[in-house]
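Written below as structure tokens is the structure these notes are about.
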């Protein structure tokens, strides 16, 4: 597609439940990035992919967060056993390459609310 | 580790006035710097990047390595410039591609 798509738009989970978010990057873009934005504050980098391979996962809380980008499927970000502090907007971005100069194209975000 | 600081959370100007959104960064290497903008009910989008040296919608930004700044400027603000602006940095090495964002500045241009 011409734009990065993210589903769902909104997601409400009770504490301890699982949450799964999806991202379809722009066709032809090899790189996918996930960011977390808590309370309209700064974006926190979570993880990046080059095609289906994890490129940089330094921002991922390893215990409960996992992510995948499989061929011919949307990328996904999964949170096992959600906590209140996971409430945030999760943005996905894609880029044709990973060079520092490339524009990242952002999706509209998924707003996760953990009650 | 790299860091981006936008000291103003809110900035208000009148239409036609000059506007400057401040951005300072800390990074030991040679950074790539960007300004992203989010208009109301729209997704985050690139406004400009220092490598291109472009002027987009009348905005310019100059990278000042001595002051480690990348302030965004426009000589005559318009109402449609009202939006949230984020300064972002892309570092090198294994962090290549990953963006570090500032806290954002909400710009309001009054008629």
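Chains as they are written, first to last, in this note's numbering: chain Z, 1 to 115; chain U, 116 to 226. Quick reminder that beta carbons are idealized off the backbone N, C-alpha and C, glycines included.
Check                                                                                                                                                                                                   : Outcome
Checking contacts by CB at 9 Å: is residue 104/Z closer than that to chain U?                                                                                                                           : yes
Is it a yes or a no for the segment 118-130 of chain U touching the segment 211-226 of chain U, going by three-plus beta-carbon pairs under 8 Å?                                                        : yes
Short of 6 Å in beta carbon distance, which residues of its chain neighbour residue 68/Z, apart from the five on each side in sequence? Order them along the chain.                                     : 76
If contact means a Cβ-Cβ distance below 9 Å, which residues of the segment 18-35 of chain Z contact chain U?                                                                                            : 31, 33, 35
Measuring CA to CA, which of 46/Z, 8/Z, 10/Z, 27/Z is closest to residue 97/Z?                                                                                                                          : 27/Z
Give the DSSP bridge partners of residue 215/U, in chain order.                                                                                                                                         : 204/U
Roughly how many angstroms separate the alpha carbons of residue 64/Z and residue 90/Z, rounded to a whole number?                                                                                      : 15 Å
Does the segment 183-202 of chain U come into contact with the segment 154-163 of chain U, if we say contact requires no fewer than three beta-carbon pairs (one atom in each stretch) closer than 8 Å? : yes
Looking at C-alpha atoms only, which residue of 104/Z, 30/Z, 94/Z, 88/Z is the closest neighbour of residue 39/Z?                                                                                       : 88/Z
Does any C-beta atom of chain U lie closer than 9 Å to the C-beta of residue 61/Z?                                                                                                                      : no
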